[in-house]
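Numbering (my numbering), first residue to last: 345 to 631. We put the beta carbon where it would ideally sit given N, CA and C, even for glycine.
This is the structure:
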């Protein structure tokens, strides 16, 4: 529609490299670094991210002052690694390749794979050197982590050390709620055409098609946390994508005003911030 090339990459396309030594979640960033050798820009996306508003453009989020743009996840305090915008440069290619190799530094604990590793990697590669000396307790938490609570505490600790800093020379981290994508389930699958561009968390295994009526009320009581409902009433005809005449047939039950979405996100952001500070109170156990 906007003449963006879409490349679905298979790992066996790069048999000249020893990629099988990487876990998949790290291998894919290695592959992006190789693709950047022949491509100027890449929008990397998890497979469960989808566009809901085709009138928006990726260029809205491309900032030429930075080689890589990451963003804060809304549902917690993580820096998301499931989608980023990257410009080809020696720095960006090396940054992604070295992150893939960072897999070897995972502790023998509940480490959170790439999500946990990415926070340590940011601290050790692009954060001010003096801040790394303040992270000893964060690494202690990571090395002793046994569950998600410990993992989230470690990530909260790293973000505490980083402070409010979001600009790191050639890397920027967008504030919560200001990126091109957010989780679909945090607003009960409701979204705004005037606000949203892409939605994350649309795994087929979590998809629900329960119709309206009596049982639709029960679904909100018994649904799993990550359940989502399709924003479209019909699948897109992919054969028409290149011509731009695809019919987007929306389920209007899930479209609500931008102001309503913003209000819900604001309330959620305050809840998350209170949870973060309560969790940080547990750091004393690791001192």
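Which residue wins for smallest C-alpha separation from residue i, given the options the options?
i           : options            : result
residue 352 : 370, 375, 454      : 375
residue 455 : 483, 415, 397, 597 : 483
residue 473 : 505, 545, 461      : 505
residue 621 : 580, 521, 499      : 499
residue 447 : 371, 543, 577      : 371
residue 459 : 586, 428, 491, 423 : 423
residue 457 : 436, 487, 434, 508 : 487
residue 452 : 461, 444, 402      : 461
residue 476 : 497, 502, 485, 491 : 502
residue 348 : 403, 613, 379, 469 : 403
residue 420 : 629, 615, 606, 478 : 615
residue 343 : 490, 529, 466      : The shown model of the chain, from 345 to 631, leaves out residue 343, and the question about it has no answer.
residue 350 : 524, 394, 356      : 394
residue 346 : 397, 369, 479, 415 : 397
residue 538 : 507, 399, 509, 373 : 399
residue 609 : 571, 591, 526      : 526
residue 541 : 391, 368, 401      : 401
residue 623 : 605, 493, 480      : 493
residue 444 : 603, 367, 617      : 367
residue 418 : 593, 588, 406, 530 : 530
residue 373 : 412, 553, 408      : 412
residue 379 : 431, 410, 391, 590 : 431
residue 508 : 627, 416, 382      : 416
residue 629 : 586, 571, 497, 442 : 497
Give the DSSP-derived three-state secondary structure of residue i in the structure shown.
i           : result
residue 354 : coil
residue 527 : strand
residue 599 : strand
residue 393 : strand
residue 455 : coil
residue 539 : coil
residue 380 : coil
residue 618 : helix
residue 594 : strand
residue 630 : helix
residue 544 : strand
residue 558 : Any reading at residue 558 needs caution, since the residue's pLDDT is 43, under 50, leaving its predicted position unreliable; the model's value is listed next. In the structure shown, residue 558 sits in a helix (DSSP, three-state: H, G or I).
residue 607 : helix
residue 348 : coil
residue 533 : coil
residue 587 : helix
residue 580 : coil
residue 521 : coil
Would you list the residues sitting across from residue i in a DSSP beta bridge?
i           : result
residue 386 : 430
residue 551 : 572
residue 516 : 413, 511
Say the cut is 7 Å; is the CB of residue i nearer than that to a heavy atom of the ligand GTP?
i           : result
residue 476 : Looking at this structure, you won't find the ligand GTP or any other ligand, since it has none at all.
> Going along the chain, which unbroken runs of the alpha helix (DSSP H) with 4 or more residues stay wholly within the segment 397–450?
Replying inline: 434–445
>> Counting beta carbon pairs with one atom in the segment 588–601 and one in the segment 523–535, are three or more of them shorter than 8 Å?
In response: yes
>> Suppose only complete runs of 4+ residues qualify. What are the alpha helix (DSSP H) ranges in the segment 455–493, listed by chain order?
In response: 457–469, 473–476, 480–488
> When the Cβ atoms of the segment 427–440 are set against those of the segment 382–396, are three or more pairs found closer than 8 Å?
Replying inline: yes
> If we count Cβ pairs, one from each stretch, closer than 8 Å, do we get three or more for the segment 514–521 versus the segment 576–591?
Replying inline: no
> Are at least three pairs of beta-carbons, each pair with one atom in the segment 430–441 and one in the segment 569–579, less than 8 Å apart?
Replying inline: no
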